[in-house]
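Enquirer: No gaps in the numbering here: position 400 of the sequence shown is 540 in the numbering used here, and each next residue is one more. C-beta atoms are modelled at their ideal positions from N, C-alpha and C, and glycine is treated no differently. Predicted, not measured: the structure shown is a model, and the values here were computed from it.
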Amino acid sequence: MLLLSGNVAAMSDQALFEHARDAYAKRNELALAEDVNQLNEQQYILAPYAAYWLMLLRLDQADNVEVQAFLTQYADMAFVDRLRGEWLKKLGKKQEWSLFFEHHQNFKRADTAVECYALYGKSQLEHQDVAAQVKKIWLSSADLPSSCTPLFDAMQQAGELANSEIWARLRLALHDGQLNVAKSIISRLPSFDKNNIELLEVAKQTPKLLLTNKTVNVRINNKKTVLKTPSFKARDDIEVNLYALDVLARSNIDDAVAVNLQLQQQWSKPDAAFAWGRIAYHAARKHHPQALEYYAKAHEASLDKEQLAWMARAAMRAHHWDVLLEAISKMSAEQQQEGAWRYWKGRALKEKSILVEANKILGPLSTERHYYGWLALEELDSVMNSPQLQYTPSELEVTAIASQPAIKRAFELQKLDMRWEAKAEWVWATRDFDDKQLLAAAEYAQRQKWYDVAISTADNTKQLHDFNLRYPIPYRDLFRAAAVNENVDEAWIYGLTRQESRFMHYAKSGVGASGLMQLMPATAKWAAQRMGLSDYTHDMIHDLKFNVGIGTYYMRYTLEVMNGQAVMATAAYNAGPSRARRWMADEPLEAAIYVETIPFGETRSYVQKVMANAQIYAPRLGLPVQSLKARMGTVPGRITSEVILADVE
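(1) Could you pull out every unbroken alpha helix (DSSP H) segment of at least 4 residues lying fully inside the region 461-513, listed in chain order?
(2) Specify, as a first and last residue, the run of the alpha helix (DSSP H) that Asn608 falls within.
(3) Between Val775 and Gln669, is the Cβ-Cβ spacing less than 9 Å?
(4) Which runs of the beta strand (DSSP E), 3 residues or longer, sit entirely within the region 290-371?
(5) Mark Phe372 as exposed unless 16 or more other C-beta atoms lie within 10 angstroms of its C-beta, in which case mark it buried.
(6) Just how far apart, CA to CA, sit Leu211 and Arg161?
(7) Mind checking whether Met456 and Thr737 have CB atoms under 9 Å apart?
(8) Which whole-angstrom value describes the C-beta separation of Ala846 and Phe157, a residue pair presumed to lie in contact below a C-beta threshold of 8 Å?
(9) What residues are listed by DSSP as bridge partners for Val624?
(10) What are the start and end residues of each continuous alpha helix (DSSP H) run of 4 or more residues lying completely inside the region 657-725, in chain order?
(11) From this set, Phe332, Val220, His243, Gly299, which residue's C-alpha is nearest Leu228's C-alpha?
(12) Excluding sequence positions up to five away, which residues of its chain have a Cβ less than 8 Å from the Cβ of Phe240?
(13) Determine the contact status of Asp386 and Arg359, defining contact as a CB-CB distance below 9 Å.
(14) Report yes or no: do the region 498-518 and the region 478-486 share at least 3 C-beta pairs separated by less than 8 Å?
(15) What's the gap between the Cα of Gln297 and the Cα of Ala564?
(16) If you pair each beta-carbon of the region 340-355 with each one of the region 392-404, do three or more pairs fall below 8 Å?
(17) Using the C-alpha atoms, what's the distance from Tyr734 back to Ala631?
(18) Helix, strand or coil for Val765? Go by DSSP, reduced to three states.
(19) Tell me whether the beta-carbon of Ser534 lies closer than 9 Å to the beta-carbon of Ala580.
(20) Across the region 552-571 and the region 604-620, are there enough close Cβ pairs to call them in contact, namely three or more that are closer than 8 Å?
(21) Per DSSP, what kind of secondary structure is Val220 in: helix, strand or coil?
(22) Which residue or residues does DSSP assign as beta-bridge partners of Leu729?
(23) Have a look at the DSSP bridge pairing and note the partners of Arg263.
(24) Specify the secondary structure class of Ser280 as computed by DSSP and reduced to three states.
(25) Relative to the C-alpha of Thr597, which candidate in Arg311, Asn303, Ala585 has its C-alpha closest?
(26) I'd like the span of the alpha helix (DSSP H) that includes Glu630, first residue to last.
(27) When the distance is taken between beta carbons, is Lys344 closer than 9 Å to Leu319?
(28) With 16 as the cutoff for other CB atoms within 10 Å, does Gly652 come out buried or exposed?
(29) Under the rule that 16 or more other beta-carbon atoms within 10 Å means buried, what is Gly299, buried or exposed?
(30) Looking only at C-alpha atoms, which of Leu553, Gln748, Gly479, Lys234 sits nearest to Tyr184?
(31) Helix, strand or coil for Ser408, going by three-state DSSP, please let me know.
(32) Below 6 Å CB to CB, which residues in the same chain sit around Phe332 once its five sequence neighbours on both sides are set aside?
(33) List the whole-angstrom C-beta distance separating Pro531 from Lys576, where the pair is believed to meet the contact cut-off of C-beta under 8 Å.
(34) Ser526 by DSSP, collapsed to three states: which one?
(35) Quickly, what does DSSP pair Ser654 with across the bridge? List them, please.
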């Protein structure tokens, strides 16, 4: 121990902190405790984080007095609420309700496990009516924490969680493709035939076979067994059949329609409407020409949020403005207030020449700083110019931000490559900032080249704005050279890079994309070969110049294969050229409608943001100003002649 202490004492602050982090990862409580003592002696700015890790390791054994003392000591630290959440789970599990509720009122994070304990405690200790709150948690296809199980058990035993609500969640889980969650829900339904549990797997793998045959072969406990397919008499039979039809519609709309027509006499009226609603939803996402016909057959069904959104999208793609307005009218008040549906409602009213009502919607929307706000502005015949800088923080304000301990901790964590913790610390430090402080913080982050944090911080202002901070122009020489070399719009390059990485060169996505332009390894290798770079190695993807060069080359490639259509090229950069072409219509399509009807929500949002970013960047880069609609253009009709593409996805 004396030797260990001597070695630890000889370490630099950062090396000692790294040693503590390694001790925590290995759950070496003894070594971590030694590190904590030494870090505190050296008064290292991140010493509280090591103490936090030590408390996490000790939490199961620590007494409540010790935990409360820790929470009080570090009350102004970013990690304190995470620790409080873990302690609340411990208290909830032990049903120490008095202490639980004393500290629950100070818990600010969203945590379903803690929420379930809180509701259970209120129902058991205080006999409060929590049924409405419980049902909001219950009606989800997500795999909920185990802490929710006692709460649901109690609610079911008390009759507050009715069988109809259990069936409703089962249906939701099945049609969201959450089969394991569905099976856990089935355990609450004693009337569910165990053979039908086996048939759910058949429905998942071979739905058409299950729906069109009287028996199917299954393997149970490694033995081949013949099971009768579900009838339409019991509720569990019906749910299996509806699930099979939904799975079939995901892969083949025409087969699903044909099978469903054969089943019409066997469905009840509500189930028939539900079946058509599921087919309509999948048809709309596939841009099937008869999607609206299927929605019409489902008019008596209660459509969910996504089904209504795709009813609206199918209508706009067909220019059926009345149906679009009908779909929006059926949405919840909350969904109707989303920027997308305010814009498209205003747009539909304008298309129908109901201008006064249209302008009542488009006018307020046009003042909002986002994609739909800018489209609304253009519907009012205004073109967005370079945004005026409303506020520039003073040096004194920036210095005041830089001197704050939490800001210093955030940058120290960033230096140590603890990026998640660094951003969490930053968010905590700026949580109560007013607009002036946010802009000063964003300015300081930008000076330190922490561009993603600078952008997100500047984006959070409500009244005062600085678009130089929201839309920075780092690496200008690099991007300008790439734009000239590949003959690609520089504003588009900046718009895409801002969305891909927010200019952080170390950015890496969950699927392996890397660098400023988030290149996939296969794409980078393919592009390098086409460019004749015989000395390409995987490590080159992390080189700034190479990353931008390859990324811009691929942008030009997508633009060429999309016949110069920037919206399609942007979609291709994110989702692959073949998909971008698949989403075309037979006839030319307004680009805003093409984008709105992209089936992948991530790609849809991506394209919207990239095009809006490019619109902002153009005047900032000294490039010609044009309307967002003009920038997006028109997507041509589907090309029927055979085109061979060297498609990379």
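Expert: If we stick to the structure as given:
(1) Listed in chain order, they are 461-469, 473-476, 479-491, 495-505.
(2) Run containing Asn608: 607-610, per the alpha helix (DSSP H) assignment.
(3) For Val775 and Gln669, no; Cβs fall outside 9 Å.
(4) Listed in chain order, they are 355-360, 363-368.
(5) By the 10 Å Cβ count, Phe372 comes out exposed.
(6) Cα to Cα, the separation comes out at about 21 Å.
(7) Going by C-beta atoms, Met456 is nearer than 9 Å to Thr737.
(8) In the structure as shown, the chain starts at 141 and stops at 789, and residue 846 therefore has no counterpart that could be examined.
(9) Looking at the DSSP assignment, Val624 forms no beta bridge with any residue, so it has no partner.
(10) With a minimum length of 4 residues, the unbroken runs of alpha helix (DSSP H) contained wholly in the region 657-725 fall at 661-670, 684-701, 706-715, 717-722.
(11) Residue His243 is the option with its Cα nearest to Leu228.
(12) If we look at Phe240 and ignore the five residues flanking it on each side, its Cβ neighbours are Leu228, Leu231, Gly232, Tyr257, Ala258, Gly261.
(13) No, the pair does not count as a contact, with Cβ atoms beyond the cut-off.
(14) Short answer: they touch.
(15) Distance between the alpha carbons of Gln297 and Ala564: 41 Å.
(16) Between the region 340-355 and the region 392-404 there are three or more C-beta pairs closer than 8 Å, enough to call the two in contact.
(17) Roughly 21 Å between the two C-alpha positions.
(18) Residue state, collapsed to three classes: coil.
(19) Yes. Within cutoff.
(20) The region 552-571 makes no contact with the region 604-620, as fewer than three CB pairs between them are under 8 Å.
(21) Val220 carries a helical assignment under DSSP once its states are collapsed to helix, strand and coil.
(22) In the DSSP output, where bridge partners are listed per residue, Leu729 has Val775.
(23) Position check: residue 263 holds Ser in this sequence, whereas Arg was assumed. Looking at the DSSP assignment, Ser263 forms no beta bridge with any residue, so it has no partner.
(24) Ser280: coil per DSSP, three-state reduction.
(25) It is Ala585.
(26) Per DSSP, Glu630 is one residue of the alpha helix (DSSP H) stretching across 630-640.
(27) The beta carbons of Leu319 and Lys344 sit closer together than 9 Å.
(28) So Gly652 ends up on the exposed side.
(29) Per the 10 Å Cβ criterion, exposed.
(30) For Tyr184, the nearest C-alpha among the options comes from Leu553.
(31) DSSP places Ser408 in coil when its eight states are reduced to three.
(32) So the qualifying residues of the chain are Ile326, Asp376.
(33) The displayed chain sequence assigns Tyr, not Pro, to residue 531. Rounded, the Cβ-Cβ distance is 7 Å, consistent with contact.
(34) At Ser526 the pLDDT is 47, less than 50, meaning the model places this residue with poor confidence; the figure from the coordinates comes in the next sentence. Under the three-state reduction of DSSP output, Ser526 falls in the coil class, being neither helix nor strand.
(35) Beta-bridge annotation (DSSP): Ser654 is paired with Lys648, Leu659.
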